[in-house]
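Data first, discussion second: the structure below is written as C-alpha cells.
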Amino acid sequence: MTKDILIIGGGIAGMQSSLDLADMGIKVHLVEKLPSIGGKMAQLDKTFPTNDCAI
Amino acid sequence: MLDVGRHPNIELLAYSEVEKVEGEAGNFRVTVRRKARYVREDRCTGCGACAEKCPTLVPDAFNEGLRNRKAIYSLFAQGIPSTHTIDADHCRQLNGKKCGICAKTCQAEAIDFDQKDRILDLNVAAIIIAAGYDVFDPSQIPEYRYREIPNVVTAIEFERLLSASGPTGGHLDRPSDRAMETEIEELEKSVGKSQKALSKFEEKYGESSAAFYEKYRSGAYPNDEDRKKWADKYADHLTVVEPLESLKKKAEGFTVAKRLAFIQCVGSRDFRFYPFCSGYCCMHSIKEAIIAHEHGPDTTSTIFGMDIRAVGKGFEEYKIRGGNHSNITYIRGRVAEIMEGPDNNPVVIYEDTRERKVKRQEFDMVILATACAPSKGVVALARTLGVELDSYNFLKTSPLSPVDTTTPGIFVCGCAESPMDVPESVAQASSAAERAAEIVFQTDLIKEKAVA
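Line by line, the protein sequences are chains A and B.
Counting from 1, position 7 in the first sequence corresponds to residue 281 in my numbering; the numbering is continuous, with no gaps.
Counting from 1, position 154 in the second sequence corresponds to residue 1501 in my numbering; the numbering is continuous, with no gaps.
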C-alpha cells in the first residue's frame, strides 16, 4: 500500500501542507501548474498585520 | 519556499498538471503531465544568461503585465525551482523561425528544443487540493473604467509597483507617466536616427538643416532632387521633435503618486458578481496604504468602503495604527463612478454616507480591492478528481469538516475552499495535512491488523 500524498497547487497553502507532511516522514508529490512555486503570495511585497516580507 | 525545494521528502513537480485520477482513499492512481520546459532540469543552473540574450519580449504575468520578460524566463528571481522555461507560444525557434540564441548562450547545454511532455504515474493514499484563486477582473464593472483610465489599477498590480523587485523598483510611478516615458524613449530613438541622416546632408552642403530649410521653402533650389530629399527628411524630423519637446516638458512635472484612493468590495459583496465578502481585501488595502506611506511620508490614502472588516488577531489595531500614523482616512461610502480628470488624475465620485452628500475627489492613483474569484481551472480539476463544487465554484465542504471535500481521501485548503488570508490559509493547510496523514496512518493500521 502506498503512503505517498499528492498536493495540487504550490501556493502558500500547498507549501505549508507539503512541509507539514514531509516533516512527518510522509513522501509528498507537489504539483504546480506554473514554472515555479510560490503562488499569489510570492507576488506580495509584504504581508499584514506585521509587514513581514512575503517571500 | 526554499525549504520546499530542498526537503528530501518532497518531490517538486513544477510546470505540471494532474490529468487523471482513479481509485479511492488509501489508493489513488494519478496521472501527471510534466509539461515540456524545453530546458533540461538536470542541467540548468538558473544563471539567466539565456534570458539576457533572448530577443523576444513577452508581457510578464508575474508583474501583472507591468513590464516585459523574455520568451525564456524564470517566473521570478527567487523562483523555485530556478530552472528556466521556454514559453512555447512566443519562442521564435519553436514557432519555426530562425533563432536558437539561448542554446548558443547556455554554457550548461541545457536547452533542448525537442523536449516532449512527460507522463508520470503516481500512486498516492490521499490528495490535497490547494489550487488557489483568481483575481476578479474589474473591467466587468464599467463605471470603474479599469483599463480605460491608466491610473486605475488593481490591488495586486499596486503590490508589484510597491515591490522593490517590481517593475518600478518600488517607486510609485503612475502607469500613465510610465507610458509617456516609454513614448518619449521611442521618439528619442527615432529623432536620433533622423538626426544622423540630417547630419550627413549638413556635412555635404556645409550648412545647418534649419538654415537650409528656410532657404528651400523660399524656393532657392527648385530642381535639386538631393536637396529635396534633405528637406523632406527635415520636415519629418520636425513632426517628431515638436511633440517630443512638449512631452518632455510634461514629464518634467512627474512625481510619484501621493494621493491614493482605495476602493473596497470591487466584485465582492456585489450581487452582480459575488455576493460574498472576500475577507482579506480590507486589510490588504490598509497594508498597501501603510507601505506606500513608508515609501513616501507625504503620501495620503483614502479608503472607501461600506465598512472596514478588520477581523483577525492584531487586525483592528493595525487599522487604527494606519489611521493614526500613516495618513489613512476611512470614508464610509460605496464609490459610484470613477472619471478621468486633468493630468490623467482619476476623479472618484461617491456618497459620503455620514454627511449624506454626493462628493467628488481627485487622486493621483486609484487602487481597486478586487474580489477573490474561484480559479478558472478549478472546474476541470474538480471533474478530474470527482469532487463537488459549491454554487460559486469553490470546493464544497461542510462547516464541521472544513477541509474535507465530498470525496473521502481528498482534502482542500486555502482559497480553493473559500476566500481567506495568509494566516488562515496556513492554518487550514496544516489541518488538511493532518487529515491526509490520518489516511496514511490508517492504511498502516489496516496492514497491521491483516498481519495479526
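For glycine and all other residues, C-beta sits at the position ideal for the given N, C-alpha and C.
Just so it is clear, the structure is predicted and the values come from calculations on it, not from any experiment.
| Query | Result |
| --- | --- |
| Using CA atoms only, rank isn't needed, just tell me which of A1729(B), F1609(B), N1570(B), V1734(B) is closest to Q1708(B). | F1609(B) |
| For the region 1755-1773 of chain B and the region 1458-1478 of chain B, state whether three or more C-beta atom pairs, one from each stretch, are separated by less than 8 Å. | yes |
| So Q1775(B) and V1750(B) are in contact, right, with Cβ under 8 Å, and what is the actual spacing, rounded? | 6 Å |
| Among residues of its own chain, excluding the 5 on either side of A1657(B), which ones have a beta-carbon nearer than 8 Å to its beta-carbon? | C1629, M1630, I1633, E1663, Y1665, K1666 |
| Taking only the alpha-carbon atoms, compute the straight-line gap between G1426(B) and Y1385(B) and give it to the nearest angstrom. | 18 Å |
| Please state if the CB of A1398(B) and the CB of C1449(B) are separated by a distance shorter than 9 Å. | yes |
| For chain A, find out if any of its Cβ atoms is closer than 9 Å to the Cβ of K1660(B); answer yes or no. | yes |
| Below 8 Å on the Cβ atoms is my guess for D1464(B) versus R1380(B); work out the distance and round it to an integer in Å. | 5 Å |
| Could you tell me if M289(A) is buried or exposed, where buried requires 16 or more neighbouring beta carbons within 10 angstroms of its beta carbon? | buried |
| Please confirm if G1395(B) has its CB atom under 9 Å from at least one CB of chain A. | no |
| Suppose contacts are defined by Cβ-Cβ distances below 9 Å. Is I1655(B) in contact with Y1677(B) by that definition? | yes |
| Quick one, which residues of the region 1475-1504 of chain B are near chain A if we go by CB-CB under 9 Å, in chain order? | I1475, I1476, A1477, A1478, G1479, Y1480, V1482, I1503 |
| Return the first residue and the last residue of the alpha helix (DSSP H) that Q317(A) is part of. | 313-317 |
| Alpha helix (DSSP H) containing K1540(B): first to last residue? | 1522-1552 |
| Consult DSSP for M1686(B) and reduce its assignment to one of helix, strand or coil. | strand |
| Taking only beta-carbon atoms, is Q1611(B) less than 9 Å away from chain A? | no |
| Work out the CA separation of S310(A) and P1428(B) for me, nearest whole Å. | 6 Å |
| Is it buried or exposed, F1375(B), if we count other Cβ atoms within 10 angstroms and call 16 or more buried? | buried |
| So Y1491(B) packs on P1485(B), CB below 8 Å; how close in whole Å? | 6 Å |
| Which runs of the alpha helix (DSSP H) fall wholly inside the region 1415-1477 of chain B and span at least 4 residues, in chain order? | 1448-1452 |
| Flag this pair as yes or no: are the beta carbons of F1483(B) and G1614(B) separated by less than 9 Å? | yes |
| So for F1559(B), helix, strand or coil by DSSP? | helix |
| For the region 1546-1559 of chain B against the region 1635-1644 of chain B, do three or more pairs of beta-carbon atoms, one drawn from each stretch, fall closer than 8 Å, so that the two count as touching? | no |
| Find the nearest neighbour of P1514(B) within the set K1382(B), E1599(B), A1424(B), I1675(B), judged by alpha-carbon distance. | A1424(B) |
| Nearest to A1636(B) by alpha carbon, out of S1512(B), L1467(B), L1715(B)? | L1715(B) |
| Hey, would you say the C-beta of G1393(B) is under 8 Å away from at least one heavy atom of the ligand GTP? | Here there are no bound small molecules, and the ligand GTP is not part of this structure. |
| How is N1498(B) classed by DSSP in three states: helix, strand or coil? | coil |
| Since F1662(B) is in the beta strand (DSSP E), which residue starts that stretch and which ends it? | Note, F1662(B): premise wrong, no beta strand (DSSP E); alpha helix (DSSP H) at 1662-1672. |
| By the criterion of Cβ-Cβ separation under 7 Å, what are the contact partners of A1720(B) in chain A? | By Cβ distance, chain A contributes nothing, its closest Cβ being about 12 Å from A1720(B), past 7 Å. |
| Whole angstroms is fine: what's the gap from I1675(B)'s alpha carbon to A1604(B)'s? | 15 Å |
| For R1606(B), which option in D1350(B), V1368(B), P1402(B), S1673(B) has the closest C-alpha, if you only look at C-alpha atoms? | S1673(B) |
| For K1367(B) and chain A, any beta-carbon pair shorter than 9 Å? | no |
| Where DSSP assigns a beta bridge to G1652(B), which residues make up the other side? | R1679(B) |
| Check D1579(B) in the structure and name its three-state DSSP category. | helix |
| Can you grab the Cα-Cα spacing for the pair T1501(B) / T1717(B), in whole Å? | 6 Å |
| State the DSSP-derived secondary structure class of A1636(B), mapped to helix, strand or coil. | helix |
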